[in-house]
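In UniProt numbering, the protein residues as written are 1 to 149.
First up is the structure itself, then whatever we jot down about it.
Okay, here's the thing in structure tokens:
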């Protein structure tokens with residue numbers, strides 16, 4: 001079985017190499033580029049999440065922050081969190097269009113999100129949750145206010 005998998009991977013690599021050389025029509029490459037441009041990420045806040053945020057803060061002050069873990073400093077060890085009143089920080093170089101309006105975010109961290117993301121509030125656990133089609137991305141999405149210095 002491993003031998004067959006190896007040859008399947010090898011064939012894929014050869015196709016990719018030929019595609020770079022240009023032995024395939026450029027039209028197929030243009031279609032792939034257009035598909036990448038048309039890709040839209042959905043980011044939705046549920047009614048329960050909106051109601052819970054509004055009890056504490058104004059919706060226009062929310063931003064999505066990706067906090068990198070301190071263990072190894074690798075981006076893949078971080079977690080997403082919602083922050084309040086820090087939209088003017090230089091770390092935010094992207095804006096996500098959501099049902100509550102534009103939400104500032106870090107562009108490099110968007111790769112960790114999926115195509116359909118939902119922020120929900122679990123009343124039983126009293127916690128915000130970030131979900132996608134893959135499942136939970138963060139079962140305890142923190143909502144943290146930034147203190148002005």
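C-beta: ideal position from N, C-alpha, C; glycine also.
Of the other Cβ atoms in all chains shown, 16 or more fall within 10 Å of the Cβ of residue 52; this residue is therefore buried. Assignment of residue 47 by DSSP, reduced to helix, strand and coil, places it in the helix class. Annotated three-state conformation of residue 109 is helix, per DSSP. Under DSSP, the beta-bridge partners assigned to residue 101 are 98. Comparing alpha carbon positions, the residue from 114, 130, 84 closest to residue 103 is 84.
Exclusion of the five residues before and after residue 96 leaves 43, 103, 105 as the residues of its chain whose Cβ lies within less than 6 angstroms of its Cβ.
Under the DSSP definition of a beta bridge, residue 63 partners with 83. For residue 125, no beta strand (DSSP E) run applies, since DSSP gives it neither H nor E. DSSP, read as helix, strand or coil, puts residue 91 in coil.
Here DSSP, grouped into helix, strand and coil, assigns residue 40 to coil. Taking the Cα positions, residue 45 is about 15 angstroms away from residue 55. Here DSSP, grouped into helix, strand and coil, assigns residue 133 to coil.
Note on residue 131: 16 or more other CB atoms within 10 angstroms of its CB, so buried under the neighbour-count rule.
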